[in-house]
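J.: Residue numbers for the sequence shown follow full-length UniProt numbering, beginning at 1 and rising by one.
A single structure is presented below for examination.
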Amino acid sequence: METCFVTFDQSAGKTDLFPILESFEKPETPKAEIENAEEFPLKLYGSNKLVSTLDKLRHYKYKQAIEKSSLTSTIKLESQPPTSAAAAQHSLRAYHQVQTWRGKMVDATAWGWQIGDGILAPVETTKGVAPDNLLKMVACGCKTQSQVNGKSSSLPEKSLSLLPCLWSFWLAK
């Protein structure tokens, strides 16, 4: 198998990840298998065998970051693993790209892409930032659509800083 492995620093020296990627080369791999391919990002982010999903790993790493931080420091959310739903969409797009490189034309919109305004764009996730009942707990008093950065949103901009707290609370239930 000839594999080009390009990713970020967390993959350095992890050649044991190559076999996980073999299903991405096969044109007959079921979509469900690609969507559930969490083993690869779990290993990339240094998960032990006790943590079985990216959502649980995110929660664990978020709690670790909070324990190490001070009241005046910030937590770099971008260094956290993706959610399971976001990783599933990324895996679908990666599979689509590999199949395209191999000459198999597959419908992009069936593999993690959507068309909006005539442009192909990634489906970032299939889940909201938090369940509706938690978003309603945000103490901003805003219950209608508001404008955030020129886009329609049901969550006001000032409440976005509360999402990590809400998310952590939601996972801990």
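Ideal Cβ positions, reconstructed from N, Cα and C, are used throughout, including at glycine.
All of these numbers come straight from a predicted model, not from anything done at the bench.
#1: Going by the beta-carbon positions, is the gap between ALA88 and GLU35 smaller than 7 Å?
#2: Look at the alpha carbon of residue 187 and the alpha carbon of SER79, and state the distance between them as a whole number of angstroms.
#3: Using C-beta distances below 6 Å, list every residue in its chain close to THR29, excluding the 5 sequence neighbours before and after it, in chain order.
#4: Report the three-state DSSP secondary structure of ALA32 (helix, strand or coil).
#5: Do the region 105-113 and the region 67-81 meet, that is, are 3 or more Cβ pairs less than 8 Å apart?
#6: Quick one: grab the DSSP three-state call for PRO131.
#7: Expressed to the nearest angstrom, what Euclidean distance is found between the alpha-carbon atoms of THR126 and VAL51?
#8: Can you check DSSP and say which residues form a bridge with ILE115?
#9: For TYR45, does the three-state DSSP call read helix, strand or coil?
#10: Taking all protein chains shown into account, do 16 or more other C-beta atoms lie within 10 angstroms of the C-beta of LEU42, making it buried, or fewer, making it exposed?
#11: Thinking just about the alpha-carbon of each residue, which of GLU39, ASP55 and PRO27 is nearest to the one in ALA130?
#12: Grouping DSSP H, G and I as helix and E and B as strand, with all else coil, what is ILE20?
#13: If you reduce the DSSP assignment to three classes, tell me which class ARG93 lands in.
#14: Under a Cβ-count criterion, where at least 16 other Cβ atoms within 10 Å of its own Cβ denotes burial, should ALA33 be classed as buried or exposed?
#15: By the three-class DSSP mapping on this structure, what secondary structure does GLN80 have?
#16: Given this structure, state the Cα-to-Cα distance separating ASP16 from PRO82, to the nearest angstrom.
T.: The answer reads as follows:
#1: Residue 88 sits at position 88 when you count from the first residue of the sequence shown. Residue 35 sits at position 35 when you count from the first residue of the sequence shown. It is a contact, given that the beta carbons lie within the stated cut-off.
#2: Because the chain spans 1 through 173 in this model, residue 187 falls outside it and cannot be assessed.
#3: Here residue 29 corresponds to residue number 29 of the sequence shown, with the count starting at 1. Here the set comprises SER23.
#4: The residue labelled residue 32 in the question sits at position 32 within the sequence shown. Assigned with DSSP and collapsed to three states, ALA32 falls in helix.
#5: Result no; under three Cβ-Cβ pairs closer than 8 Å.
#6: Counted from its first residue, the sequence shown places residue 131 at position 131. Judged by DSSP in its simplified three-state form, PRO131 adopts coil rather than helix or strand.
#7: The residue you call residue 126 lines up with position 126 of the sequence shown. The residue you call residue 51 lines up with position 51 of the sequence shown. Roughly 22 Å between the two C-alpha positions.
#8: Here residue 115 is taken as the residue at index 115 of the sequence shown, counted from 1. Within the DSSP secondary-structure output, ILE115 pairs in a beta bridge with LEU120.
#9: As a first step, residue 45 must be located in the sequence shown, where it is residue number 45. Residue state, collapsed to three classes: coil.
#10: As a working mapping, residue 42 is identified with position 42 in the sequence shown. It is buried - the Cβ of LEU42 has at least 16 other Cβ atoms within 10 Å.
#11: Reading the sequence shown from its first residue, position 130 is the one you call residue 130. Among GLU39, ASP55 and PRO27, the Cα nearest to that of ALA130 belongs to ASP55.
#12: If you number the sequence shown from 1, residue 20 lands on position 20. Note: ILE20 maps to helix in three-state DSSP.
#13: Position 93 of the sequence shown, counted from the start, is the residue given in the question as residue 93. Helix at ARG93.
#14: Within the sequence shown, the letter at position 33 stands for residue 33. Sequence inspection shows Glu at residue 33; the Ala mentioned does not correspond to that position. It is exposed - the Cβ of GLU33 has fewer than 16 other Cβ atoms within 10 Å.
#15: As a first step, residue 80 must be located in the sequence shown, where it is residue number 80. In the structure shown, GLN80 adopts coil according to DSSP, grouped into three states.
#16: On the sequence shown, position 16 is the one that residue 16 refers to. On the sequence shown, position 82 is the one that residue 82 refers to. Distance between ASP16 and PRO82, taken at the CA atoms: about 21 Å.
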